[in-house]
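>
2 protein chains.
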Amino acid sequence: MNSKLGLLEPLESLSMTDRVENILREYFTENAFKPGDALPNELEIAQKLNVSRNVVREALSRLRMLGMVEARPRRGMIMSQPDVLGGIEKVLNPFILSQSNQQDIFELRLILEMGIAEFLFARKTDKDLDELELIVEKQKKLPVLSKEDEIEFHGKLYDMTGNETFQRFQSLLFPVFEHVFATLSKQEEQAVIADPVSHYDLFRVLKEGTPEEFRQAMRVHLSVYYNTIK
Amino acid sequence: MNSKLGLLEPLESLSMTDRVENILREYFTENAFKPGDALPNELEIAQKLNVSRNVVREALSRLRMLGMVEARPRRGMIMSQPDVLGGIEKVLNPFILSQSNQQDIFELRLILEMGIAEFLFARKTDKDLDELELIVEKQKKLPVLSKEDEIEFHGKLYDMTGNETFQRFQSLLFPVFEHVFATLSKQEEQAVIADPVSHYDLFRVLKEGTPEEFRQAMRVHLSVYYNTIK
DNA sequence: CTAGTATATTTGTAGGACAAATGTAAAGAT
DNA sequence: ATCTTTACATTTGTCCTACAAATATACTAG
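Protein sequences appear in the order of chains A and B. The first sequence begins at 944 in the working numbering and counts up by one. The second sequence begins at 944 in the working numbering and counts up by one.
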């Protein structure tokens, strides 16, 4: 007995708050609510749905956290532009995430790093390249790069993609990425070998090379991390 | 007058609920709460913070939505594994997101698609390749590929990365991606030219080629989308 | 028609109440 | 002493009432 019982999902018994949250989100999309549109007030919603105002407020509190709705005290609520990454931001804490989630995010960052080449070449400006050169010239003199140096260089790259969401997403992923790699390093006790492709090399390719060459260079630059995979 | 006044950010006047939410999240991380740990009950929290139980419940309701805490009726609350993408999922609605957010996500998907090569080659199995072959053989016979065909092929690729979070992330991004591209296509009225690199070609490279070759092939395959950039 | 005043509206917050079910302690039976 | 039953305390989910505060609206007076 009990064989394969683990495969049975529990019937999700949603609380009133959960259900109202879902209903409201559906209601907003079905009726094509757009940012700025006025929402019915809390009491109306509560009466329509036949639940207490408390329940409605708890549901709305969630949507407010996501930035979907904005409450203007004493003037009613309006639809609003949600913050795409607001929800994920509060959750990306290495100490709460599961091991596998952390690993997934570690890999996700590697994927992103390899994928930005086209955008860098499409959008790089002379000003960007000058600023990047300052960074790599400074780092060339250092015997070893700190975490901050890494962030400065790669952060500038994300900057140059001109994609704000991507930029912020990266910075959210970084702590988890660092944490995973630090944990791995502790276990494996690997020798820190000199970077076969340095930040300076990447800069040169970005300035004078092609996206293909840049991807290839980045792949080698990240090999320390890719070596931990699979 | 009024010069550059737009640059002044309003002093954020946080509601009690906002503040309690922040305080609780800090409290959990500072005190190294781990999944499974018991939490103080609502009344205790309310009294310690000198707010009403309502405010505490609204804050906890948010954390519950994120999956950070789990409430077991009549047995107290415990810490829990948050769902990394749960927050973003509820917000990725093309009709609510701003134009620039949509564009960012469109680009983000292109970045991801270009970045997965290493993982595909590191983790592909014969079984995967067989399944992929079935898909591309079927599609080779079709005169034109539908949206579902695209999802089937690329979805299988994400599958093969073995990264569940990435997989789900992709599928969340897709509707926004589609929406942006559909809007662009309507404006530009571009001729739909035959794919210079088909799904079948990608399959062949994945089976017998190298990551570099795959990235190059994928870049060409995605050129319809990259042409819209910048 | 304008200026000032009163009223209605609506969110944020507080606090009380109770059902329901769980775990625990106490009481009773064998 | 051990087991069974009963009673109690706990805690979340839900409902209700109340009120402050500030805005928008209606109203009144000059």
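The beta carbon of each residue, even a glycine, is placed where N, CA and C say it ideally should be. These figures come from a predicted structure and were not determined experimentally.
1. If the criterion is Cβ atoms closer than 7 Å, does the pair B/Gly979 and B/Leu1009 meet it?
2. Count the C-beta pairs between the region 1044-1061 of chain A and the region 1145-1161 of chain A that are closer than 8 Å, then say yes if the count reaches three, no if not.
3. Use the C-beta contact count for A/Asn1170: other C-beta atoms within 10 angstroms, 16 or more gives buried, fewer gives exposed.
4. Apart from the five residues on each side of it in sequence, which residues of its chain come closer than 8 Å, Cβ to Cβ, to A/Thr1104?
5. Rounded to whole angstroms, what is the Cα-Cα separation between B/Phe1049 and B/Phe1096?
6. Quick one: grab the DSSP three-state call for B/Val1167.
7. Any idea which residues DSSP pairs A/Gly1019 with across the strands?
8. Assuming A/Val1087 contacts A/Tyr1143 (C-beta within less than 8 Å), just tell me the rounded distance between them.
9. Counting along the chain, where does the alpha helix (DSSP H) carrying B/Val1079 start and finish?
10. Can you find a CB in chain B that lies within less than 7 Å of the CB of A/Ala1065?
11. Spatial neighbours of A/Lys1070 within its chain, please: C-beta separation below 7 Å, excluding the five flanking residues on both sides.
12. Mark A/Gln1082 as exposed unless 16 or more other C-beta atoms lie within 10 angstroms of its C-beta, in which case mark it buried.
13. Taking 7 Å as the CB-CB limit, is B/Glu1093 close to chain A?
14. For B/Val1148, which residues of its own chain have a beta-carbon under 7 Å away from its beta-carbon, when the five flanking residues on both sides are left out?
15. Ordered along the chain, which non-local residues of its own chain (more than five positions away) have a Cβ less than 6 Å from that of A/Val1167?
16. According to DSSP, is A/Ala975 helix, strand or coil?
17. For A/Glu1001, would you say it is in contact with chain B, using Cβ-to-Cβ distances shorter than 7 Å as the test?
18. Measuring only the C-alpha atoms, how far is B/Ser1041 from B/Ile1021?
19. Compare the Cα-Cα distances from A/Asp961 to each of B/Val963, B/Ser1023, B/Ser956 and B/Leu1006 and report the closest residue.
20. Distance check for B/Thr972 and A/Leu1035, CA to CA, integer angstroms please.
21. Any beta carbon of chain A sitting closer than 7 Å to that of B/Lys1173?
22. For B/Ala1125, return the contacting residues in chain A, with the cut-off set at a CB-CB distance below 7 Å.
23. Does A/Ser956 get closer than 7 Å to chain B when you measure Cβ to Cβ?
24. Does any residue of chain A have a CB that is nearer than 7 Å to the CB of B/Thr1153?
25. Does any C-beta atom of chain B lie closer than 7 Å to the C-beta of A/Met1057?
26. Using DSSP with H/G/I as helix, E/B as strand and the rest coil, what is B/Leu948?
27. Leaving out the 5 sequence neighbours to the left and right, which residues in its chain are closer than 6 Å to B/Arg1052 when beta-carbon positions are compared?
Let me lay it out:
1. Locating residue 979 of chain B in the second sequence gives position 36, counting from the first residue. Locating residue 1009 of chain B in the second sequence gives position 66, counting from the first residue. No, they are not a contact pair.
2. yes
3. Counting from one through the first sequence, the residue named residue 1170 of chain A turns up at place 227. When all chains shown are included, A/Asn1170 counts as exposed.
4. Your numbering for residue 1104 of chain A matches position 161 in the first sequence. Result list for A/Thr1104: Ile1059, Phe1062, Leu1063, Arg1066 and Gln1110, in chain order.
5. As a first step, residue 1049 of chain B is located in the second sequence; it is residue number 106 there, counting from the start. As a first step, residue 1096 of chain B is located in the second sequence; it is residue number 153 there, counting from the start. The alpha-carbon atoms of B/Phe1049 and B/Phe1096 are separated by roughly 18 Å.
6. Here the question's residue 1167 of chain B lines up with position 224 in the second sequence. Helix, per DSSP.
7. Counted from its first residue, the first sequence places residue 1019 of chain A at position 76. In the DSSP output, where bridge partners are listed per residue, A/Gly1019 has A/Arg1015.
8. Here residue 1087 of chain A corresponds to residue number 144 of the first sequence, with the count starting at 1. Here residue 1143 of chain A corresponds to residue number 200 of the first sequence, with the count starting at 1. The pair is not a contact, with the Cβ atoms about 14 Å apart (cut-off 8 Å).
9. Residue numbering aside, residue 1079 of chain B sits at position 136 when the second sequence is read from its first letter. That run of the alpha helix (DSSP H) goes Asp1069 to Lys1083.
10. Locating residue 1065 of chain A in the first sequence gives position 122, counting from the first residue. So yes, A/Ala1065 belongs to the interface.
11. For this step, residue 1070 of chain A is matched to residue 127 along the first sequence. None.
12. Here residue 1082 of chain A refers to the residue found at position 139 of the first sequence. Result: buried.
13. Translated into positions along the second sequence, residue 1093 of chain B becomes position 150. No, no contact with chain A.
14. Counted from its first residue, the second sequence places residue 1148 of chain B at position 205. So the list reads Glu1156, Phe1157 and Ala1160, once near-sequence residues are dropped.
15. By one-based count along the first sequence, residue 1167 of chain A stands at place 224. Correct list: empty, nothing qualifies.
16. Your numbering for residue 975 of chain A matches position 32 in the first sequence. Note: A/Ala975 maps to coil in three-state DSSP.
17. The sequence position of residue 1001 of chain A within the first sequence is 58, counting from 1. Output row for A/Glu1001: interface = yes.
18. To locate residue 1041 of chain B, count along the second sequence from 1; it is residue 98. To locate residue 1021 of chain B, count along the second sequence from 1; it is residue 78. Cα to Cα, B/Ser1041 sits roughly 36 Å from B/Ile1021.
19. By one-based count along the first sequence, residue 961 of chain A stands at place 18. Considering only alpha carbons, the answer is B/Leu1006.
20. Indexing the first sequence from 1 puts residue 1035 of chain A at position 92. Indexing the second sequence from 1 puts residue 972 of chain B at position 29. Approximately 11 Å, taken between the alpha carbons.
21. For this step, residue 1173 of chain B is matched to residue 230 along the second sequence. Yes, B/Lys1173 counts as interfacial toward chain A.
22. Numbered from 1 along the second sequence, position 182 holds the residue referred to as residue 1125 of chain B. Going along chain A, no residue has its Cβ under 7 Å from B/Ala1125, so there is no contact; the nearest lies around 17 Å.
23. Sequence index remark: in the first sequence, residue 956 of chain A carries index 13 (1-based). Closer than 7 Å: no.
24. Residue numbering aside, residue 1153 of chain B sits at position 210 when the second sequence is read from its first letter. For B/Thr1153, the answer is no, since every Cβ of chain A falls outside 7 Å of its Cβ.
25. For the purposes of this step, residue 1057 of chain A is taken as the residue at position 114 of the first sequence. Yes, A/Met1057 lies at the interface with chain B (some Cβ there is under 7 Å from its Cβ).
26. Your numbering for residue 948 of chain B matches position 5 in the second sequence. At B/Leu948 the pLDDT is 47, less than 50, meaning the model places this residue with poor confidence; the figure from the coordinates comes in the next sentence. B/Leu948: helix per DSSP, three-state reduction.
27. Indexing the second sequence from 1 puts residue 1052 of chain B at position 109. Closer than 6 Å at Cβ, skipping near neighbours: Leu1116 and Phe1120.
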